[in-house]
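Colleague: Quick note on numbering: numbering that gives the first Met the number 0 labels position 57 of the sequence shown as 56, and the sequence is numbered without any gaps.
The C-beta atom is built at its ideal place from N, Cα and C for all residues, glycine as well.
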Amino acid sequence: MIATKQISQQVFEMRRKIGSKVLQFRLEQGLSQSEAANLCGISTHRIQQIEKGYSLSYRHLALLARLYGFRYEIILRR
0 MIATKQISQQ VFEMRRKIGS KVLQFRLEQG LSQSEAANLC GISTHRIQQI
50 EKGYSLSYRH LALLARLYGF RYEIILRR
């Protein structure tokens with residue numbers, strides 16, 4: 000049971016770090032969450048969840064990577 004909790008915590012920490020980087024890219028582009036969401040075709044709520052580390056899919060990460068001009072493979076390795 001403890002191992003599962005530790006893995007869950009590690010996954011959340013990884014998503015939180017990725018979300019922080021996504022937030023940084025958005026701010027560098029000078030976009031609001033709403034503007035980024037409209038440009039990517041996803042909801043503002045989903046952008047909020049991604050930036051906080053609560054939600055992340057490869058599909059959404061690929062859309063954001065295209066918008067912000069980074070390779071999502073690189074951000075996953077950091």
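Does the distance from the CB of Leu55 to the CB of Ile46 come in under 8 Å?
Modeller: Along the sequence shown, one-based indexing puts residue 55 at 56. Along the sequence shown, one-based indexing puts residue 46 at 47. No; because the gap between Cβ atoms is not below 8 Å, this pair is not in contact.
Colleague: In the DSSP assignment, the alpha helix (DSSP H) including Ser33 goes from what residue to what residue?
Modeller: Residue 33 sits at position 34 when you count from the first residue of the sequence shown. That run of the alpha helix (DSSP H) goes 32-39.
Colleague: Thinking C-alpha only, which one of Leu30, Leu62, Ala61, Gly52 is nearest Arg15?
Modeller: Taking the sequence shown and counting its residues from 1, one reaches residue 15 at position 16. The candidate whose alpha carbon is nearest that of Arg15 is Gly52.
Colleague: Starting from Arg70, trace the alpha helix (DSSP H) in both directions and tell me its first and last residue.
Modeller: Taking the first residue of the sequence shown as 1, we reach residue 70 at position 71. Premise fails: Arg70 is in no alpha helix (DSSP H) and is neither H nor E.
Colleague: Determine the direct distance from the alpha carbon of His44 to that of Arg65, and round the result to whole angstroms.
Modeller: As a position in the sequence shown, residue 65 is number 66, starting the count at 1. As a position in the sequence shown, residue 44 is number 45, starting the count at 1. Between Arg65 and His44, the C-alpha separation is close to 19 Å.
Colleague: Compute the Euclidean distance between the alpha carbons of Thr3 and Ile17, then round it to the nearest angstrom.
Modeller: Numbered from its first residue, the sequence shown carries residue 3 at position 4. Numbered from its first residue, the sequence shown carries residue 17 at position 18. Cα to Cα, the separation comes out at about 21 Å.
Colleague: Mark Tyr57 as exposed unless 16 or more other C-beta atoms lie within 10 angstroms of its C-beta, in which case mark it buried.
Modeller: Residue mapping note: residue 57 aligns to position 58 of the sequence shown, counting from 1. Tyr57 is exposed by the Cβ-count criterion.
Colleague: DSSP three-state label for Leu55, please.
Modeller: Here residue 55 is taken as the residue at index 56 of the sequence shown, counted from 1. If DSSP states are grouped into helix, strand and coil, Leu55 belongs with coil.
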